[in-house]
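Engineer: In this note's numbering, the protein residues as written are 1035 to 1423.
Glycine residues also receive a C-beta, built at the ideal position from the N, C-alpha and C atoms.
Values in this document were obtained by computation on a predicted structure and should not be read as measured data.
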Amino acid sequence: MNGIRAAIVGIGESQVGKVPGRSALQLQSDAALAALADAGLKIGDVDGLFTTPVRVEHWNMPAGVVAGFFGIRPNYLSTVDLAGASGCSMIDQAIAAVESGRCEVALCVAGQNLLSNRSRSQAVQSMAERGSGHPQFEVPYGPLVPSLYALIAQRHMYEYGTKPEQLAEVAVTIRTHAGLNPNAHKKDPITVGDVLSSRMITSPLHVLDCAIVSDGAAAAVVTRADRARDLRKSPVYLLGSGYGLRHGYVGDAECLTTSGAVDSGRTAFRKSGLGPKDIDVAEIYDCFTITVIVELEDLGFCPKGEGGRFVENGNIGLGGQLPVTTHGGLLSGGHPGLGGGFFHVLEAVRQLRGEAGGRQVPKVEVALAHGNGGVVSVHCTLILGNAEN
């Protein structure tokens, strides 16, 4: 380390939802140009690039594809593939690259046309062939990703008495937040009854307990802190980060109800010198409702087994004890694949800048963004602040 500090100075996103006629590269371009404009920079200023794989278009060397499309000649580039943890990890790696002097302006971008580029049958086929299950010991026996998360939900219910109504509370609260986000995929309000009466996907998860497949892309710009102070928007700083992995595949898990978020959160809090009580808003990965409950516990916001009760009575809503996933998340904001978790980082930045509009949490100074890849497999936690220390 040479003492250089770095900061997030620009964020942007494409239209999210069903966006026919836009390729993954075009969606990423929309997001990247918006992020650069937000920072007051140009594509020619970029000398570092971080991106993720694009599954539906089968890119070879994704970082090279994006660099070529944008006309970037980077000093440093990387393709980050930690599934839903990729967004948080891109920011962590970009900040490390700037602080180490490998580049001065890093562009992080991810997203794809996951909804409009394939039919439902093609999506199911892809999930069956790739999914998040072990290719030898799980995939041949047919469980898809929702089935594996349902296994976790069933075990949590067995061990701690968690109820379907508590899972539904997560979906309802996050949909309420999405209703305040103009770019969210789904905005219509829902009730606990709506969730419980929606189509069963794999018990106990109903369709409204599951993320919404979407088209979309997100981007962020990172540069040196001394340069950041002279740019258009207030910089946001990384106060601490951490990673955790306790199993690669769910069949290897020693415990279905405790995840690597315990380790990623502990490390991020230790590095930042802060704790769960210091967090003003938590942008927690929400591919399924059970994911939020498990991660709230594992990140230390409530004791293990208390997550179901913690999400009740508006506790994770705006005005609650801990506002969670205030942009609508993957459950309602939209889930364009590996770019989905990146929107959580963007929302944390908006909250820290005071730019979240009707969903703004008052006096936000410290925010948490958390991504989860696989079946609660790999985790990345970021503690972000609007002051350097």
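Would you mind giving the Cβ-Cβ distance between Val1326 and Ala1401, rounded to the nearest angstrom? I have them listed as a contact below 8 Å.
Structural biologist: Between Ala1401 and Val1326 the Cβ distance is about 16 Å, and since that is not below 8 Å, they are no contact.
Engineer: Is Thr1415 helix, strand or coil when you go by DSSP?
Structural biologist: Reduced to three states, the DSSP call for Thr1415 is strand.
Engineer: Quick check on this structure: which residue in Ser1366, Ala1202, Gly1341, Gly1285 has the alpha carbon closest to the alpha carbon of Phe1171?
Structural biologist: The shortest Cα separation from Phe1171 among Ser1366, Ala1202, Gly1341, Gly1285 belongs to Gly1285.
Engineer: What does the alpha-carbon distance come out to for the pair Val1139 and Leu1242?
Structural biologist: Between Val1139 and Leu1242, the C-alpha separation is close to 39 Å.
Engineer: Do Ile1235 and Val1206 count as a contact pair if the criterion is CB distance below 8 Å?
Structural biologist: In this structure, Ile1235 does not lie closer than 8 Å to Val1206 by Cβ.
Engineer: If the criterion is Cβ atoms closer than 8 Å, does the pair Tyr1277 and Cys1142 meet it?
Structural biologist: Cβ distance not < 8 Å, so Tyr1277 and Cys1142 don't count as in contact.
Engineer: Does Phe1335 come out as helix, strand or coil in the three-state DSSP assignment?
Structural biologist: The answer is coil: DSSP assigns Phe1335 none of H, G, I, E or B.
Engineer: What are the boundary residues of the alpha helix (DSSP H) that includes Gln1060?
Structural biologist: First-last of the alpha helix (DSSP H) with Gln1060: 1058-1073.
Engineer: So Leu1230 is in the alpha helix (DSSP H); what residue range does that whole segment cover?
Structural biologist: Run containing Leu1230: 1226-1231, per the alpha helix (DSSP H) assignment.
Engineer: DSSP three-state call for Asn1036: helix, strand or coil?
Structural biologist: With a pLDDT of only 41 at Asn1036, under 50, the local geometry of the prediction cannot be trusted, and the value read off the model is given with reservation. DSSP places Asn1036 in coil when its eight states are reduced to three.
Engineer: Check whether the Cβ atoms of Ser1063 and Asn1147 sit closer than 8 Å, and answer yes or no.
Structural biologist: No, these two residues do not count as a Cβ contact at 8 Å.
Engineer: Could you give the distance in angstroms between the alpha-carbon of Gly1046 and the alpha-carbon of Asn1217?
Structural biologist: Distance between the alpha carbons of Gly1046 and Asn1217: 11 Å.
Engineer: Using 8 Å for Cβ pairs, my map puts Gly1250 next to Gly1373. What's the rounded Cβ distance?
Structural biologist: Yes, they are in contact, since the Cβ atoms of Gly1250 and Gly1373 sit about 7 Å apart, within 8 Å.
Engineer: Going along the chain, which residues of its own chain have a beta-carbon closer than 6 Å to the beta-carbon of Ile1186, five neighbours each way excluded?
Structural biologist: Counting only Cβ-Cβ distances below 6 Å, and skipping sequence neighbours, we find Leu1290, Ile1324.
Engineer: Which ranges would you report for the beta strand (DSSP E) in the segment 1283-1341 if only whole runs of at least 3 residues count?
Structural biologist: Counting whole runs of 3 or more residues, the segment 1283-1341 contains the beta strand (DSSP E) stretches 1315-1318.
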